[in-house]
Amino acid sequence: MKIPVSAIRLPTRPGREYESRFDREQSMLKMLAIPIASIILASMVTTLPIFSAGPLLPPFGLLMFLSWRLMRPGLLPIWSGVPFGLMDDLFSGQPFGSAGLLWSLAMLVVEIIDSRAIWRDYLQDWLIAALLIIAVLVGGWWFAGLAHAAPKPEILFPQILLSILLYPLVVRICARLDSWRLAT
Amino acid sequence: MAVGRLISSTASSTRRVATLSIGRNFGVERAQPVRGPAGLIGRVIETGPTTARVLLVTDSENLVPVMRASDGLPAFSSGLGNGLVLIKPLNLGESPFKVGDIIVTSGNGGLYGANIPFARVIRKTSDGALGMPFADPANTPYAVVMKPYLGEARAAQQALAPDGETKEVAE
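In structure tokens form, the structure reads like this:
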């Protein structure tokens, strides 16, 4: 028997057989919560039982924050460096407030770059992120040494290199999260 | 005094601070030395209800009075932030250390008791030596929080300070 065209069914996801298949809207909760939760969870990576002799673990919170900002301009407000940075300070071991200032300065820098160079490609974003990672890590080292004895700045080299090389991976995770965020 | 585990560290910061799995619930207080089976780990700098933070000996802020185990040569150790410690002897002139020298704590000034294994000299520098601490926080099954060495004597001495300034040194 010939199947009429109207009987062709699109594959449906289990549990959603009776929902409308067009004119759907994203969940507001998902749209807002996924960027916030992913940045905070990335900041909390330092609470895992990871022991290193020196500063070696890349600042995943900063990487995730920069990825969201560079991949989706306009999603994070310009003041969002303060709350996310302060949240990162709770877990990173840096003096409280250092990331709060440095991340919002990084936001301002990206904002200025956005107004000058509007059409950018991925490599340019990576370059911007690399420079900001260097600036934030060196700034964090300087803040940690303000009130206490600080180690030599050379010990930051491995961490800076690892962070710059891991940025593309974090951008890909971020892009996956973004497509999940905007899926209907 | 109390035994816990190291559960986390500031792996992305230039400060070397580890989190201990016990806190005030087991009587852990500020300024108590912490050691592991292999040697000295650091000192408690903050306590919470169930956790405490330990400043590791490899932090640049942590200064430990030490001596050479073989002849008691007095020295000070300060962290370099990269897993090594810099050991500076009190005597002047050329560095008397040799690669392989065993360094233990001396107990001078209190806080850290004497003869806790501390580090092994791995390189001689012009005015001291680089040491590798025996206690590796990544490979320490247990961390023992101890009472401050000569704690009462230190407190009494600080209470007797004639100028009153020493009293403000809060550990």
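Protein chains in written order, with my numbering: chain F, 3 to 186; chain U, -12 to 158. Glycine included, C-beta positions come from ideal geometry on N, C-alpha and C.
Here's the rule I'm using: 16 or more other beta-carbon atoms within 10 Å means buried, otherwise exposed. How should residue i be labelled?
i: Met(-12)(U); result: exposed
i: Val41(U); result: buried
i: Thr159(U); result: For residue 159(U) there is no data in the structure shown, the boundaries of chain U being -12 and 158.
i: Pro128(U); result: exposed
i: Ile80(F); result: exposed
i: Met66(F); result: buried
i: Ala35(F); result: exposed
i: Glu155(U); result: Caution is warranted here: a pLDDT of 47 is assigned to Glu155(U), below 50, making its placement in the model unreliable, and the coordinate value is therefore given only provisionally. So Glu155(U) ends up on the exposed side.
i: Gln161(F); result: buried
i: Pro75(F); result: exposed
i: Ser65(U); result: buried
i: Arg(-8)(U); result: exposed
i: Gly17(F); result: exposed
i: Leu50(F); result: exposed
i: Met89(F); result: buried
i: Val86(U); result: exposed
i: Asp58(U); result: exposed
i: Gly115(U); result: buried
i: Met54(U); result: buried
By DSSP, does residue i sit in helix, in strand, or in coil?
i: Leu73(U); result: strand
i: Pro170(F); result: helix
i: Met54(U); result: strand
i: Met30(F); result: helix
i: Pro37(F); result: helix
i: Ser22(F); result: coil
i: Ala62(U); result: strand
i: Arg178(F); result: helix
i: Val15(U); result: coil
i: Arg122(F); result: coil
i: Gly29(U); result: strand
i: Pro24(U); result: coil
i: Val4(U); result: strand
i: Ser117(F); result: helix
i: Gly102(F); result: helix
i: Ser45(F); result: helix
i: Glu155(U); result: The pLDDT assigned to Glu155(U) is 47, lower than 50, so where the model puts this residue is not dependable, and the model offers no usable value.
i: Gly(-9)(U); result: strand
i: Leu134(F); result: helix
i: Leu110(F); result: helix
i: Ser(-4)(U); result: strand
i: Leu67(U); result: coil
i: Ala39(U); result: strand
i: Ile9(U); result: coil
i: Leu79(U); result: coil
i: Leu148(F); result: coil
i: Val166(U); result: No answer is possible for residue 166(U): it lies beyond the span of chain U, which begins at -12 and ends at 158.
i: Val91(U); result: strand
The ligand SAH heavy atoms versus the CB of residue i: any closer than 6 Å?
i: Ile120(F); result: In terms of ligand content, the structure shown is empty, and the ligand SAH therefore cannot be addressed.
Give a yes or no on whether the minimum CB-CB distance between residue i and chain A is below 7 Å.
i: Ser54(F); result: Going by chain labels, chain A is absent from the structure shown, which instead holds the protein chains F and U.
Task: Whole runs of the alpha helix (DSSP H) within the stretch 47 to 95 of chain F, excluding any shorter than 4 residues - done: 62 to 73 and 83 to 94
Task: Contact list for the stretch 37 to 49 of chain F against chain U, Cβ threshold 9 Å - done: Val47, Thr48 and Thr49
Task: Interfacial residues, the stretch 131 to 148 of chain F to chain U, with Cβ spacing under 8 Å - done: Gly142, Trp143, Ala146 and Gly147
- [ ] Entirely within the stretch 103 to 152 of chain U and at least 4 residues each: give me those alpha helix (DSSP H) ranges in chain order.
- [x] 138 to 146
Task: Three or more C-beta pairs below 8 Å linking the stretch 9 to 21 of chain U and the stretch 145 to 153 of chain F - done: no
Task: Selection of the stretch -7 to 10 of chain U by Cβ proximity to chain F, strictly under 9 Å - done: Leu(-7), Ile(-6), Ser(-5), Ser(-4), Thr(-3), Ala(-2), Ser(-1), Ser0, Thr1, Arg2, Arg3, Val4, Ala5 and Thr6
TODO: Could you list the residues in the stretch 154 to 168 of chain F with a C-beta less than 8 Å from some C-beta on chain U, going in chain order?
DONE: Lys154, Ile157, Leu158 and Gln161
Task: Cβ-based contacts, 7 Å cut-off: residues of the stretch 83 to 96 of chain F near chain U - done: Ser94, Gly95 and Gln96
- [ ] Count the CB pairs spanning the stretch 22 to 42 of chain U and the stretch 113 to 132 of chain U that are closer than 8 Å, and state whether there are at least three.
- [x] yes
Task: Sufficient close CB pairs (3 or more, under 8 Å) joining the stretch 89 to 97 of chain F to the stretch -3 to 5 of chain U - done: yes
Open item on the list: Using a Cβ distance threshold of 8 Å, determine whether the stretch 132 to 143 of chain U contacts the stretch 93 to 100 of chain U, with at least three qualifying pairs required.
Closed with: yes
Open item on the list: Taking beta-carbon pairs under 9 Å, can you tell me which members of the stretch 58 to 88 of chain U lie near chain F?
Closed with: Ser65, Gly66, Leu67, Gly68, Asn69, Gly70 and Leu71
- [ ] Quick one: which residues of the stretch 99 to 122 of chain F get their C-beta closer than 9 Å to a C-beta of chain U? List them in chain order.
- [x] none
Open item on the list: Check whether the stretch 63 to 83 of chain U and the stretch 166 to 173 of chain F are in contact - that is, three or more C-beta pairs closer than 8 Å.
Closed with: no
Open item on the list: Does the contact criterion of 3 or more C-beta pairs under 8 Å hold for the stretch 53 to 65 of chain F versus the stretch 65 to 72 of chain U?
Closed with: yes
Task: Near-chain F residues of the stretch 111 to 144 of chain U (beta-carbon distance less than 7 Å), N- to C-terminal order - done: Pro124 and Ala125
Open item on the list: Does the contact criterion of 3 or more C-beta pairs under 8 Å hold for the stretch 125 to 137 of chain F versus the stretch 108 to 117 of chain F?
Closed with: yes
Open item on the list: Please identify, using Cβ separations under 8 Å, the residues of the stretch 22 to 49 of chain U that lie next to chain F, in order along the chain.
Closed with: Thr45, Ser47 and Glu48
Task: Contact set between the stretch 167 to 185 of chain F and chain U, restricted to residues whose Cβ is under 8 Å from the partner - done: none
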